[in-house]
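Residue numbers (my numbering): 1 to 373. No residue lacks a Cβ here, since even glycine has one placed at the ideal position from N, Cα and C.
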């Protein structure tokens with residue numbers, strides 16, 4: 001019997017046990033009370049979101065779980081650096097996933113949070129992986145704001161990386177599932193596509209209380225920067241959903257259409273005939289030039305009559321969206337021929353390209369180029 005070997009084995013097992021206990025505590029984030037507050041708002045924890053989003057038959061490799069370990073104790077600590085991140089499979093494709101932990105100081109950014117996010121962006125660039133940001137953050141942790149921005153490798157470099165990844169053709173998708181305030185508000189806007197959850201998701205540089213203090217105006221969160229405001233008026237966000245699950249289901253569809261690099265782009269699956277028969281087109285086109293709904297035409301063309309519309313409530317005189325034709329993932333840009341009403345109350349003529357619809361069309365074509373669609 002090797003006594004030294006046994007002693008080492010026992011010591012290592014104890015260390016491993018200690019590490020697992022630390023990990024279990026880290027996985028609890030800000031604690032049970034903070035998690036219960038999430039539940040009251042019909043919100044999932046970051047790990048629950050990642051579990052729902054990723055493929056069940058493949059592993060999610062968490063990266064940086066010990067980031068922030070025993071740091072910032074004077075502020076109550078920062079488990080996992082306030083962010084859950086790693087690499088997982090979504091719709092069969094490897095993706096980098098970064099999720100703010102709202103249970104840790106309302107998802108605020110500590111210095112280590114910025115460094116962890118930068119590391120995940122670096123991994124995405126090195127391996128050309130799509131990035132999914134699950135945003136739920138109160139912005140920079142104000143007591144330490146002087147330590148978050150100044151260095152070249154600190155928070156501000158995240159936005160530089162957003163631009164660089166866009167130039168590299170790396171898809172970035174941001175799902176705003178909670179607050180997205182101040183400096184953190186730039187990240188979803190600089191992503192390729194932005195999704196928001198109604199009621200919980202919000203994007204603004206300053207919240208209602210600061211607006212009241214600055215200009216004396218009373219405004220609620222939804223009006224200032226909610227999902228309806230940003231999908232129908234500002235055009236900053238592209239999609240809105242009632243629940244987090246609906247939002248993540250849509251992300252899965254988006255990822256499924258990204259072309260594979262080894263195939264030189266263009267994703268294809270088994271073709272499915274449209275539910276609406278193509279011979280219906282004969283009756284849908286008016287012979288006298290009257291307005292008609294282009295969506296009905298598209299449903300006769302795309303596989304299974306499934307069409308995922310992009311910015312459905314913004315720039316309505318142009319229809320943009322994703323579908324499949326003969327199994328190929330395609331982007332469709334079409335003039336809407338019926339008269340529409342904008343959120344600002346303007347009546348817009350069908351077939352006319354207004355400034356909001358032109359901006360929408362240009363953005364959509366760029367997104368298709370990014371995704372090799």
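For residue 58, the three-state secondary structure derived from DSSP is coil. Within its own chain, the residues whose Cβ lies closer than 7 Å to the Cβ of residue 225, once the five positions on either side in sequence are excluded, are 202, 203, 204, listed in chain order.
The Cβ-Cβ distance between residue 271 and residue 326 falls below 7 Å. The Cβ-Cβ distance between residue 26 and residue 80 falls below 7 Å.
Assignment of residue 136 by DSSP, reduced to helix, strand and coil, places it in the strand class. Membership of residue 368 in the alpha helix (DSSP H) is indicated by the continuous run 355-371.
Excluding five sequence positions before and after residue 182, the CB atoms of its chain that fall closer than 8 Å to its own CB belong to 139, 140, 205, 206, given in chain order. When the five nearest sequence neighbours on each side are left out, the beta carbons in the same chain lying within less than 6 Å of the beta carbon of residue 108 are those of 138, 141, in order along the chain.
The secondary-structure analysis by DSSP pairs residue 202 across a beta bridge with 179. A direct Cα-to-Cα measurement between residue 242 and residue 42 gives close to 11 Å.
From the listed residues 152, 134, 121, the smallest Cα separation to residue 161 is found for 121. By the criterion of a C-beta distance shorter than 8 Å, residue 38 is surrounded in its chain by 44, 45, 102, 103, once the five residues flanking it on both sides are discounted. Looking at the DSSP output, residue 195 sits in a beta bridge with 175, 239. A residue is called buried when at least 16 other Cβ atoms come within 10 angstroms of its Cβ; residue 3 does not meet this threshold and is exposed. Along the length of the segment 74-142, whole beta strand (DSSP E) runs at least 3 residues long occupy 83-90, 93-100, 131-137, reported in chain order. According to the DSSP assignment, residue 333 belongs to the beta strand (DSSP E) that extends over 328-335. Around the beta carbon of residue 289, fewer than 16 other beta carbons sit within 10 angstroms, so the residue counts as exposed. Counting the other CB atoms within 10 Å of its CB gives residue 223 a total below 16, which places it among the exposed residues.
The beta carbons of residue 176 and residue 135 sit about 5 Å from each other, so the pair counts as a contact at 8 Å. By the Cβ-count criterion, residue 114 is buried, with 16 or more other Cβ atoms from all chains shown falling within 10 Å of its own Cβ.
DSSP assignment within the segment 257-291 yields the following whole alpha helix (DSSP H) runs of 4 residues or more, N-terminal first: 281-284.
With a cutoff of 7 Å on beta-carbon distance, residue 192 and residue 367 are scored as near each other. Under the three-state reduction of DSSP, residue 322 is assigned to strand. For residue 329 against residue 373, the beta-carbon gap comes to about 5 Å, under 8 Å, which counts as contact. Residue pairing of residue 12 in beta bridges, as defined by DSSP: absent, with no partner found. Nearest neighbour of residue 194 by Cα position, chosen from 247, 61, 146, turns out to be 247. Burial of residue 129 is indicated by the presence of at least 16 other C-beta atoms within 10 angstroms of its C-beta. Each of 172, 196, 12, 323 was checked against the Cα of residue 306, and the nearest Cα belongs to 323. Under a 10 Å Cβ-count criterion, residue 168 is classified as exposed, with fewer than 16 other Cβ atoms of the shown protein chains found around its own Cβ.
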